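Participant:
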Amino acid sequence: MCGIFGYIGNQKRAAAIVFEGLKTLEYRGYDSWGIAVKAGNRIEIEKRVGKIGQAKVSLPQSNLGIGHTRWATHGGVTVKNAHPHRDCSGNIALLHNGIIENYESIKSELLAKGHTFLSETDTEVAVHLIEENMKNGNTFPEAVRRAFLRFSGLNAIVVMNSNSNQIIAAKNGSPLVVGKSDSGFFLASDASGIVKFTKEIIFLKDDEMVILDDSVNLFTVSTGKNLPLSYEHVDWIIEEADRGKYPHFMIKEIFDQPKVIRNIAETYADQIDDLAEVIKVAKGTFFIGAGTAFHASLAGVYLFSKIAKEHINTAMASEFNYLEDFLTKQSLIIALSQSGETIDIVEPLTRAKQKGSSVVAIVNSLGSTIYRMADKKLLLGAGPEKAVASTKAYVAKLAVLLMLSFAMVRKTSDAQKLLLEAAGEIRRLLSDENLEKLRRLAKELKGNENIFTVGRGTSYATALEAALKIKEVSYIHTEGLAGGELKHGTIALIEKGTPCFVFAPMDETHEAILSNAMEIKARGGKIVGISPQKAEVFDHFIEVKDVGEASVITQIIPAQLLAYFLAVEKDLDPDKPRNLAKSVTVK
Ligand code: AGP
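Count along the sequence shown starting at 1, add 38, and that's the number in my numbering.
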């Protein structure tokens with residue numbers, strides 16, 4: 039996680055430039071932030087706990103600065119643990135993204151040599167190790183290189199030295215980009231942070247380090263050998279997100295959904311037909327994703343079985359590493375991701391590529407790591423998704439997977455019709471009357487400690503996604519289950535009044551899921567039925583009209599809205615829930 043930004047150049051506004059860059063990168067972590075600038079021969083640092091938001095920086099004028107937004111891994115959310123961290127001399131400051139897995143042994147060694155540590159982070163060992171390497175006669179770049187080589191794990195570090203007037207960065211696993219413009223050089227944890235300053239970008243590869251001073255020099259970390267510079271001109275326009283008339287991004291993004299689905303229905307047929315041909319020739323296709331994207335993958339597996347009569351495997355991306363021994367050159371991995379930066383996906387994709395398997399990216403973020411590493415790419419076109427809780431990127435993935443499963447049997451146009459119907463039904467679900475109904479339900483449920491969500495078939499994926507949405511923004515423990523699994527244990531938790539959301543579309547699961555609802559009700563559960571048809575067992579009924587196989591898209595809408603209203607009713611920030619980040623770049 040963590041956003042990184044650095045600047046060195048002819049502008050004296052380093053702190054302001056870094057601050058502006060960090061704001062774009064805050065989606066990578068927002069528990070605390072910090073900026074360091076060179077002030078004379080010293081380094082001045084300002085660090086704070088909390089979101090960067092409208093904060094003001096009061097650092098001196100400088101032409102060299104680095105900054106960081108943190109998502110805590112090692113050490114609590116405190117000012118001391120916020121980056122940048124300084125060495126004992128105060129002339130070197132460092133920030134970091136990743137986890138230095140062997141930090142404990144390095145720390146003991148450095149403590150024994152007299153270094154003083156001020157934080158509980160793994161990161162701080164890096165700056166003291168560089169200092170120690172310099173004491174042993176190494177130049178600043180060599181000290182950084184040697185230190186970086188000692189770290190295990192997936193890491194990116196950025197180090198500034200007020201004596202040598204340099205910024206040095208090295209990476210392995212975590213992304214880093216460098217940009218150049220007439221006003222100087224920029225460094226960021228991804229290109230979206232940099233494109234407003236420059237379009238000339240170097241995407242650093244693993245095992246590369248860069249030195250920024252009056253010029254840019256690139257090296258291989260492991261050998262120390264100089265590398266040629268290869269700038270890419272990116273002509274991306276990163277859409278700025280605007281909440282418009284909405285109080286939060288989450289509700290704005292829920293309202294964006296009909297447009298997103300319509301766009302996919304109307305303009306994606308050709309690229310989806312192409313992708314279907316790729317799947318047809320592969321020997322073993324896997325959908326992988328994390329969190330919400332995994333739920334979309336799971337729904338995709340059901341859709342492929344039902345519509346295309348094709349078996350597709352799926353795995354949570356973080357588990358795929360342990361399931362990939364059988365991958366071959368004929369295997370196809372389809373990675374689903376909103377951000378395109380999730381390390382749990384990047385890691386198995388890297389290994390799959392090493393084995394010669396093909397990789398397809400279905401992502402929302404142009405130019406992201408996963409987008410760049412894929413052999414074939416499909417952009418979701420949902421527009422920037424700012425709220426941490428993913429909504430429109432989820433339905434976009436479902437729309438693509440639905441179309442893809444129909445494309446496998448050359449019936450893409452059937453899917454297009456269903457998607458247009460689904461877009462219409464979502465618009466109806468977003469009526470004032472319906473919003474009011476869900477707001478009232480949220481008021482009724484906000485005091486509960488537990489909620490359950492159940493579904494079968496594609497609605498099992500919906501149940502998992504509904505539970506994730508509710509828990510991440512309302513902090514109410516919510517568990518999603520396959521309807522048939524309840525009686526195998528979890529039903530023991532149902533008490534009088536326990537809310538249980540039952541997804542009952544008019545498909546082959548309808549009768550069986552209503553029986554499961556009966557079983558819950560018999561034990562005192564309060565049933566919220568989400569279905570085209572009212573049933574006696576429902577205590578609350580939320581009508582979602584039948585749109586055939588596209589019901590997997592429409593059924594999630596009431597759950598997204600309820601999650602949002604629960605957060606609002608509990609006075610929580612639905613856009614930036616506690617402990618989370620929009621882009622998850624640590625393991
Ligand atoms: C969804 O609401 C999440 N906050 C989270 O589960 C997310 O879907 C997951 O981290 C994967 O992110 P990605 O789509 O950017 O890869």
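In this text, a Cβ means the ideal position worked out from N, Cα and C, and glycines have one as well. What you are looking at is a predicted structure, and each value in this text was computed from that prediction instead of being measured.
1. What residue range is occupied by the uninterrupted alpha helix (DSSP H) comprising I400?
2. Do V298 and A499 have their C-beta atoms within less than 8 Å of each other?
3. Say the cut is 7 Å; is the CB of G217 nearer than that to a heavy atom of the ligand AGP?
4. Can you name, in chain order, every residue of its own chain whose Cβ lies under 6 Å from the Cβ of K414, other than the five neighbours on each side?
5. Which residues mark the beginning and the end of the alpha helix (DSSP H) in which M441 is found?
6. So what does DSSP say about E423, is it helix, strand or coil?
7. Tell me, please, whether the segment 600-616 touches the segment 283-297 by the rule of three or more beta-carbon pairs shorter than 8 Å.
8. Are the beta-carbon atoms belonging to G521 and G567 less than 8 Å from one another?
9. Between the alpha carbons of S335 and D584, how many angstroms are there, rounded?
10. When the Cα of T366 is compared with those of E348, R389, S356, A373, which residue comes out closest?
11. Going by C-alpha to C-alpha distance, which of A461, I206, H515, L456 sits closest to K484?
12. Going along the chain, which unbroken runs of the beta strand (DSSP E) with 3 or more residues stay wholly within the segment 235-287?
13. For the ligand AGP, is there a heavy atom less than 7 Å away from the beta-carbon of A399?
14. Between which residues of its own chain and F325 is the CB-CB distance below 7 Å, once the five residues before and five after are set aside?
15. Taking just the CA atoms, how far does F332 sit from A355?
16. When you compare only the Cα positions, how much space is there between V233 and Q309?
17. Compare the beta carbon distance of G44 and W71 with 8 Å and say whether it is the shorter of the two.
18. Give the DSSP bridge partners of Y45, in chain order.
19. Out of Q598, A425, S443, state which residue places its alpha-carbon closest to the alpha-carbon of V316.
20. Go to F603, then tell me how far its alpha helix (DSSP H) extends in each direction, as first and last residue.
21. May I have a chain-ordered list of the beta strand (DSSP E) segments no shorter than 3 residues that lie completely inside the segment 86-153?
22. Just grab the DSSP bridge partners of P386 for me.
23. Would you say K424 and D125 are within 8 Å of each other, going by their C-beta atoms?
24. Could you check whether the Cβ of L336 sits closer than 7 Å to any heavy atom belonging to the ligand AGP?
25. Under 8 Å Cβ to Cβ from A320, same chain only, skipping five residues before and after it: list those, please.
26. Beta carbon of N48, beta carbon of G222: below 8 Å?
27. Just verifying my parser: in three-state terms, what is the DSSP assignment at H526?
28. Whole-angstrom Cβ separation of L457 and A597, contact assumed at under 8 Å?
29. Exposed or buried, what is F576 when buried is set at 16 or more other beta-carbons lying within 10 Å of its beta-carbon?
30. On the DSSP bridge assignment, give the partners of A517 in chain order.
31. Taking K414 as part of the beta strand (DSSP E), name the residues at either end of that continuous run.
32. Taking only three categories from DSSP, how would you classify A207?
33. Return the first residue and the last residue of the beta strand (DSSP E) that L467 is part of.
34. Taking E581 as part of the beta strand (DSSP E), name the residues at either end of that continuous run.
35. Closest by CA to L473, which one among F293, I137, K118?
36. Pull up the distance between the alpha-carbon of E533 and that of A431, whole angstroms please.
Facilitator: On the basis of the coordinates in this document:
1. The sequence position of residue 400 within the sequence shown is 362, counting from 1. Per DSSP, I400 belongs to no alpha helix (DSSP H); it is in the beta strand (DSSP E), 396-401.
2. The residue labelled residue 298 in the question sits at position 260 within the sequence shown. The residue labelled residue 499 in the question sits at position 461 within the sequence shown. No. Outside cutoff.
3. Taking the sequence shown and counting its residues from 1, the one referred to as residue 217 is at position 179. No - the ligand AGP has no heavy atom lying nearer than 7 Å to the Cβ of G217.
4. Numbered from its first residue, the sequence shown carries residue 414 at position 376. Within the same chain, K414 has close Cβ partners V398.
5. Translated into positions along the sequence shown, residue 441 becomes position 403. From DSSP, the alpha helix (DSSP H) with M441 extends over 430-446.
6. One-based indexing of the sequence shown puts residue 423 at position 385. Correct three-state label for E423: coil.
7. yes
8. Within the sequence shown, numbered from 1, the residue matching residue 521 stands at position 483. Within the sequence shown, numbered from 1, the residue matching residue 567 stands at position 529. Not closer than 8 Å, so no.
9. Here the question's residue 335 lines up with position 297 in the sequence shown. Here the question's residue 584 lines up with position 546 in the sequence shown. Distance between the alpha carbons of S335 and D584 is about 22 Å.
10. Residue 366 sits at position 328 when you count from the first residue of the sequence shown. Of the listed residues, the one whose Cα sits closest to T366 is R389.
11. Taking the first residue of the sequence shown as 1, we reach residue 484 at position 446. Checking every option, the nearest Cα to that of K484 belongs to H515.
12. 238-241, 246-250, 254-258
13. What you label residue 399 is simply residue 361 of the sequence shown in a count that begins at 1. Every heavy atom of the ligand AGP is 7 Å or more from the Cβ of A399, so no.
14. Position 287 of the sequence shown, counting from 1, holds the residue named residue 325. Result list for F325: S335, G338, V339, I350, T352, I372, L374, in chain order.
15. Position 317 of the sequence shown, counted from the start, is the residue given in the question as residue 355. Position 294 of the sequence shown, counted from the start, is the residue given in the question as residue 332. Going from the Cα of A355 to the Cα of F332 covers about 8 Å.
16. Residue numbering aside, residue 233 sits at position 195 when the sequence shown is read from its first letter. Residue numbering aside, residue 309 sits at position 271 when the sequence shown is read from its first letter. Distance between the alpha carbons of V233 and Q309 is about 27 Å.
17. Within the sequence shown, numbered from 1, the residue matching residue 44 stands at position 6. Within the sequence shown, numbered from 1, the residue matching residue 71 stands at position 33. For G44 and W71, no; Cβs fall outside 8 Å.
18. On the sequence shown, residue 45 is found 7 positions in, with the first residue counted as 1. Answer by DSSP bridge pairing, in chain order: G103, F224.
19. Taking the sequence shown and counting its residues from 1, the one referred to as residue 316 is at position 278. When each option's Cα is compared against that of V316, the closest is S443.
20. Taking the sequence shown and counting its residues from 1, one reaches residue 603 at position 565. F603 -> alpha helix (DSSP H) spans 594-607.
21. 102-108, 130-136
22. Numbered from 1 along the sequence shown, position 348 holds the residue referred to as residue 386. Answer is none; P386 lacks a bridge partner.
23. Indexing the sequence shown from 1 puts residue 424 at position 386. Indexing the sequence shown from 1 puts residue 125 at position 87. Their beta carbons are not under 8 Å apart, which means K424 does not touch D125 by this criterion.
24. As a position in the sequence shown, residue 336 is number 298, starting the count at 1. No, Cβ of L336 sits at least 7 Å from all heavy atoms of the ligand AGP.
25. Translated into the one-based positions of the sequence shown, residue 320 becomes position 282. Within the same chain, A320 has close Cβ partners Q368, S369, L370, S396.
26. Start at 1 with the first residue of the sequence shown, and residue 48 comes out as number 10. Start at 1 with the first residue of the sequence shown, and residue 222 comes out as number 184. Yes; because the gap between Cβ atoms is below 8 Å, this pair is in contact.
27. Sequence index remark: in the sequence shown, residue 526 carries index 488 (1-based). DSSP places H526 in helix when its eight states are reduced to three.
28. Residue 457 sits at position 419 when you count from the first residue of the sequence shown. Residue 597 sits at position 559 when you count from the first residue of the sequence shown. Going by Cβ atoms, the distance from L457 to A597 rounds to 20 Å, so no, they are not a contact pair.
29. The residue labelled residue 576 in the question sits at position 538 within the sequence shown. It counts as buried.
30. Within the sequence shown, the letter at position 479 stands for residue 517. Residue identity differs from the one stated: residue 517 is Glu in this sequence, not Ala. For E517, which the question treats as bridged, DSSP gives the partners F490.
31. Taking the first residue of the sequence shown as 1, we reach residue 414 at position 376. Here the beta strand (DSSP E) through K414 covers 414-417.
32. Within the sequence shown, numbered from 1, the residue matching residue 207 stands at position 169. Strand.
33. Residue 467 sits at position 429 when you count from the first residue of the sequence shown. Here L467 belongs to no beta strand (DSSP E); instead the alpha helix (DSSP H) covers 450-467.
34. Taking the first residue of the sequence shown as 1, we reach residue 581 at position 543. That run of the beta strand (DSSP E) goes 578-581.
35. Looking up residue 473 in the sequence shown gives position 435. With distances taken between Cα atoms, L473 lies closest to F293.
36. On the sequence shown, residue 533 is found 495 positions in, with the first residue counted as 1. On the sequence shown, residue 431 is found 393 positions in, with the first residue counted as 1. If you take the alpha carbons of E533 and A431, they lie about 35 Å apart.
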